[in-house]
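Shown next, in structure tokens, is the structure this report addresses.
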Amino acid sequence: KLATGAEWRREHGNVTDDLANQPWYTDYTLSYGLDYGGTIDVLEGYAELNVPVFKDWALGKYLELDGALRGTHNKSEGTAGANDGLSKSHSFVTWKASAIWDINDWLRLRATRSRDVRAAQFRELFQSYAVTAGGPFGSVNNPWNAGITDPVLSTTGGDVNLKPERADTLTLGVVLSPKDGFLSHFRFSADWYQITIEDAIVGPPFGLGAQNIVAQCYQAAGQTGPLTGPFCDRITFDPPVDPNADPRSNLGSVNNKAANLQGFTTRGIDFEAAYTAPMGGGTFSLRVLASYLYDQLFAPGTGAPTRNYAGQSGPTAAFGSFNTAPKWQGNAFATFTEGPFSGTVQVRYIGPGRFMTVTANGGLAIDPSDPNYSTTNPDSISDN
Numbered sequence: 004k005l006a007t008g009a010e011w012r013r014e015h016g017n018v019t020d021d022l023a024n025q026p027w028y029t030d031y032t033l034s035y036g037l038d039y040g041g042t043i044d045v046l047e048g049y050a051e052l053n054v055p056v057f058k059d060w061a062l063g064k065y066l067e068l069d070g071a072l073r074g075t076h077n078k079s080e081g082t083a084g085a086n087d088g089l090s091k092s093h094s095f096v097t098w099k100a101s102a103i104w105d106i107n108d109w110l111r112l113r114a115t116r117s118r119d120v121r122a123a124q125f126r127e128l129f130q131s132y133a134v135t136a137g138g139p140f141g142s143v144n145n146p147w148n149a150g151i152t153d154p155v156l157s158t159t160g161g162d163v164n165l166k167p168e169r170a171d172t173l174t175l176g177v178v179l180s181p182k183d184g185f186l187s188h189f190r191f192s193a194d195w196y197q198i199t200i201e202d203a204i205v206g207p208p209f210g211l212g213a214q215n216i217v218a219q220c221y222q223a224a225g226q227t228g229p230l231t232g233p234f235c236d237r238i239t240f241d242p243p244v245d246p247n248a249d250p251r252s253n254l255g256s257v258n259n260k261a262a263n264l265q266g267f268t269t270r271g272i273d274f275e276a277a278y279t280a281p282m283g284g285g286t287f288s289l290r291v292l293a294s295y296l297y298d299q300l301f302a303p304g305t306g307a308p309t310r311n312y313a314g315q316s317g318p319t320a321a322f323g324s325f326n327t328a329p330k331w332q333g334n335a336f337a338t339f340t341e342g343p344f345s346g347t348v349q350v351r352y353i354g355p356g357r358f359m360t361v362t363a364n365g366g367l368a369i370d371p372s373d374p375n376y377s378t379t380n381p382d383s384i385s386d387n
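Position one of the sequence shown corresponds to residue 4 (the numbering used here), numbered consecutively onward.
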């Protein structure tokens, strides 16, 4: 079987606020709804080929291969505010290869490998710039000036130059469906997965954080080294008040706009079990879905170490860029059907979890059961 095609689409968005009658709108410390406008044009060509390799052969009952390929050209152009007239194009290829192998009547193996993308969307690309001078989001400890706090012009917002996020996905699964005896009504499957995302977008309104950008630049350049690299390129300095002072002693502005900096690796296993059998004059069925998440590795893009958030029960932070999940989740359905009657009981399970993996101080949370717990350690918490 072969399927192929092409598609073109245009998406346009324009969000404005009545600033004439709300002159205070841009004075908020945090603004979630800044104006933006832009157009995204997408041209794609794609093909998918499905090949049944054999049936009832020495190597098994059935083997099927499937491959898909998609080429995309994506152009983003700002049409409002500071992004008006700015444009950027990206071309990329995504693909998928999968196989289904029925070894016999009751055992199936399956696998999928794919390259996936998520292109940046309107707010990430086009949101107008917000400038904060001083305050909690516009003040930075200047490491070139003995850590003295400097008020800086911190600019947040979208960036038309954002690259698509890239993900590599691998799944391996097994399906059991016995045909004889008591278990002939039973079916079970388990699928292991790994998803690795690169160039994940740190988007508006908070971006990476002015302090993080300055800290990473200082780590790379030191006190007197060249100011080069992705973090130092986002900093400008004002002339020092004292002409004889270090030229880096007076921070001027920090570009905290959206950027491709973060990374994720997620691993887990999805389970499904189902049993259906006659009962009295009707039919009874039981279906259980469960998921085990054992890795949710997050690289914040700030030089901080990668942390495993699998099993955390709450958000990563007040303004975190992703959601956590407990290690175990499950759903079970028991249904009895007879004639016109059908009744279902559903049970949902969400496993326990840690309250916090990484503290606001940036370290791993330590609870009272840990020998390193100390009331003077800012990473020690008592409600984990």
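Idealized CB from N, CA, C, for every residue including glycine.
{"Item": "Tyr236 - DSSP class collapsed to helix/strand/coil", "Value": "As written in the sequence, residue 236 is Asp, which differs from the Tyr given in the question. Three-state DSSP puts Asp236 in a helix."}
{"Item": "Three-way DSSP call (helix, strand, coil) for Trp27 in this model", "Value": "coil"}
{"Item": "For Gln332: DSSP bridge partner residues", "Value": "Ser294, Ile353"}
{"Item": "Cβ contact (3+ pairs, closer than 8 Å) linking the stretch 274 to 285 and the stretch 298 to 308", "Value": "no"}
{"Item": "Start and end residues, beta strand (DSSP E) containing Trp132", "Value": "According to the sequence provided, residue 132 is Tyr. The question's Trp does not apply to it. Here Tyr132 belongs to no beta strand (DSSP E), and DSSP marks it neither H nor E."}
{"Item": "Inter-residue spacing [alpha-carbon to alpha-carbon] between Ala313 and Ala328", "Value": "6 Å"}
{"Item": "Nearest residue (CA-CA) to Leu211, options Trp104, Ser90, Leu264", "Value": "Leu264"}
{"Item": "As assigned by DSSP and simplified to three states, the class of Asn387", "Value": "coil"}
{"Item": "Ala363 versus Pro355, Pro381, Val244, residue with shortest Cα-Cα distance", "Value": "Pro381"}
{"Item": "As assigned by DSSP and simplified to three states, the class of Arg126", "Value": "helix"}
{"Item": "Within 8 Å, strictly: CB atoms of Arg73 and Val96", "Value": "yes"}
{"Item": "Exposure of Pro250, with buried meaning 16 or more beta-carbon neighbours within 10 Å", "Value": "exposed"}
{"Item": "Buried versus exposed, by CB contacts within 10 Å (16 or more), Val205", "Value": "buried"}
{"Item": "Short Cβ contact (8 Å threshold) for Thr159 with Pro233", "Value": "no"}
{"Item": "Enclosing beta strand (DSSP E) for Gln197 [first to last residue]", "Value": "189 to 205"}
{"Item": "Whole-angstrom distance between Tyr132 and Phe253, CA atom to CA atom", "Value": "It should be pointed out that residue 253 corresponds to Asn in this sequence rather than to Phe. The straight-line gap from Cα to Cα measures roughly 23 Å."}
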